[in-house]
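J.: Below is a structure I'd like to ask you about.
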Amino acid sequence: MKNDKEEGEYKQFYLNGKLREKKFFKDGKIEGKRYFFPENENFVYESLYENNKLINEKRYYNNKEKKVFSEEFFKYNGKNIFRVIYHFDKKLNIIRKNIFLNKNLLEQIEYDENGNIIYSKKYRKRFSSEEELEFDLEAEKNFFEIFNYLPKIKQGKDVEKLKLENILQRVRQIDKDEMLRRIKDYLKENKIEMVKFNDGSLRTNEHVLKFFEENLNKYVEIERKKNNIEKKEEMVLDKISDDDRKILIQPKETKITQEQITKKEADKKFDETRNWLGSRTERTLYKGSVFPVSRFIERIKDFDTDLKERVYRFIDSYTKDWISTITFDTGETYELEEALKKFREIMGLPKEEK
């Protein structure tokens with residue numbers, strides 16, 4: 030207790046001593062994770078609270094693998110609660126999605142293992158006109174469409190780039206900050222460092238979040254204000270004589286340091302190498318493919334150590350969990366761990382410390 034308010038971790042137990050519930054409080058409100066363990070069931074409810082409001086709840090099997098079999102997302106608008114429940118199969122493919130407004134089921138969709146819709150039904154609206162007025166149902170449903178894609182990204186599956194961009198770009202201005210925060214939390218919690226697209230391109234590390242930021246147009250407002258200022262400056266200049274205009278309009282000094290130029294060049298080289306390594310058409314670094322060592326060496330021959338380390342970290346992240354062996358065109362085949370050591374040797378990098 031702190032100032033008569035609950036604070037910190039609280040636990041509750043069944044009569045047999047088994048843990049029933051664990052949750053965290055801040056200033057008397059539930060904040061962060063809450064865990065509930067049903068007494069006679071082998072699964073766990075893991076909930077996430079913000080300011081005493083439930084925003085996410087997943088259910089997973091209480092075993093070593095902890096595979097999620099359903100996940101629910103909540104969004105609040107006044108007294109109304111909009112929520113979407115996803116159900117997963119054993120391979121974590123979405124097999125069913127239920128959409129609710131308060132306790133009313135609005136829509137049910139079922140999918141096959143490839144993500145194709147095999148059943149869809151919309152239910153009659155059984156809620157008051159007041160509820161309906163407070164909610165733009167289509168906009169709310171669009172808000173949750175992103176959660177169709179995040180589990181695929183988590184599993185390392187290819188996602189449809191254009192569809193994902195379209196969904197992000199349709200998010201309402203008032204929802205963009207909340208959307209970005211939720212995506213950021215999801216990426217962090219699931220340690221997602223790469224997203225692969227169906228066109229063969231991909232994003233890694235900090236560029237994953239940047240992809241979502243770009244498409245949510247988070248900086249549109251800043252650009253709009255900047256454009257308005259420039260227009261006002263042009264209007265003022267129109268009223269000034271030609272001689273005065275020459276004095277006022279001076280070339281803007283561009284202060285780009287050598288360090289910035291070097292970084293920009295390094296980023297470009299990294300992006301080109303990353304796209305080549307992850308190319309689905311060339312199958313450069315792909316399960317069952319033969320890796321072209323000499324072409325790789327040619328690409329990185331003028332890279333400094335930092336840039337080589339970036340490329341190596343990408344290779345490590347990209348191959349993890351889906352490639353078990355790598356065959357080089359020099360004739361050797363290695364288990365992944367040994368192959369990664371070979372990559373460091375080829376790149377002239379020191380052995381990695383354990």
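Here the sequence shown stands for residues 30 to 383, where the numbers follow the numbering used here. We put the CB at the ideal spot given by N, CA and C, even for glycine. This one's a predicted model, so the numbers in the text were calculated from it and none came from an experiment.
1) How is the beta strand (DSSP E) around E38 delimited, first residue to last?
2) When you compare the CB positions of L121 and K96, do they come within less than 8 Å of one another, or not?
3) When DSSP labels each residue in this structure, what does I276 get in the three-state scheme?
4) With a threshold of 7 Å on Cβ separation, who are the neighbours of E105 within its own chain once the five nearest residues in sequence on each side are excluded?
5) Quick one: what's L134 bridged to in DSSP?
6) Give me the DSSP bridge partner(s) of T233.
7) Please report the straight-line C-alpha distance between D118 and D331, rounded to a whole angstrom.
8) Name, in chain order, the residues that DSSP records as bridge partners for L83.
9) May I have a chain-ordered list of the beta strand (DSSP E) segments no shorter than 3 residues that lie completely inside the region 173-208?
10) Provide the residue(s) that pair with L378 in DSSP beta bridges, ordered along the chain.
11) Given a cut-off of 8 Å, decide if T310 and G229 are closer than it, judged by their beta-carbon atoms.
12) Report the rounded CA-to-CA distance for E222 versus N45, giving the unit in angstroms.
13) Whole angstroms are fine: how far does the CA of Y152 sit from the CA of A368?
14) Return the Cβ separation of V200 and L238 in integer angstroms, given the expectation that the two are a contact with Cβ distance under 8 Å.
15) Y89 by DSSP, collapsed to three states: which one?
16) Once the 5 residues before and after E60 are set aside, which same chain residues still bring their CB inside 8 Å of it?
T.: Result, derived from the coordinates:
1) 37-42
2) yes
3) Unreliable placement is indicated for I276, whose pLDDT of 43 sits below 50; the coordinate value is still reported in the next sentence. It is helical.
4) For clarity, residue 105 is Tyr in the given sequence; the question names Glu instead. So the qualifying residues of the chain are K82.
5) F129
6) M223
7) 47 Å
8) Y78
9) none
10) According to DSSP, which records beta bridges pairwise, L378 is partnered with nothing at all.
11) yes
12) 42 Å
13) 54 Å
14) In fact, because the Cβ distance is near 15 Å, the residues do not count as touching under 8 Å.
15) strand
16) F53, F54, Y78, E79, N80, N81
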